[in-house]
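K.L.:
Residue numbers (our numbering): 1 to 180.
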């Protein structure tokens, strides 16, 4: 049983290095897995391993998201498609982050639930307008791609609010009445 260590491979920026084990018929990305365990029963080791170098491909956008509208005071939930981003590099893992900008640099009424991959919120009157949403996919070589769209909160006719209660006042019929 043997272990190969590849700590120096991390110095090659934006390049994937793949180790192919022809005997075990498997390939690993040395950028993400810096160790490889294998069994060697003895004999010839010629042609067992091959190393391939491939320039990194940044994540690609598979699915666009149209701008979304919702009404103020309505519970909002949007499920992100599972296939928004992909990466052409085998074994590359994508890290997805989200940035939501509120109105006039205020915190947004919307938040992201990473477990369910949903955007949720309950926008109020102060949230009426456009909220810019940016989804950022970053791969193992730190190349990234951004998909942006907006959530528009549409104003609704709010019920009148009582600001000052008017006290009860008595007045006489056919008499002049004045209130301050």
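Where is the CB? At the ideal position from N, CA and C, for every residue including glycine. Computed from a predicted structure; not experimentally measured.
Taking the C-alpha atoms as reference points, what is the distance between residue 85 and residue 13?
P.N.:
22 angstroms
K.L.:
Compare the beta carbon distance of residue 94 and residue 59 with 9 angstroms and say whether it is the shorter of the two.
P.N.:
yes
K.L.:
With DSSP run on the structure shown, which of helix, strand or coil describes residue 21?
P.N.:
Residue 21 falls in the strand class under three-state DSSP.
K.L.:
Is the separation between the beta-carbon of residue 29 and that of residue 91 shorter than 9 angstroms?
P.N.:
Here residue 29 is near residue 91, since their CB atoms are less than 9 angstroms apart.
K.L.:
From residue 157 to residue 129, what distance separates their C-alpha atoms?
P.N.:
Inter-residue distance for residue 157 and residue 129 is about 15 angstroms (C-alpha atoms, whole angstroms).
K.L.:
Compare the C-alpha of residue 133 against each of 87, 50, 64 and 179 and name the closest.
P.N.:
Closest option to residue 133, Cα to Cα, is 64.
K.L.:
Do you know how far the Cα of residue 25 is from the Cα of residue 151?
P.N.:
48 angstroms
K.L.:
For residue 146, which residues in the same chain have their Cβ closer than 6 angstroms to its Cβ, ignoring the five residues on either side in sequence?
P.N.:
134 and 136
K.L.:
Taking the CB atoms as reference points, tell me whether residue 73 and residue 140 lie closer together than 9 angstroms.
P.N.:
no
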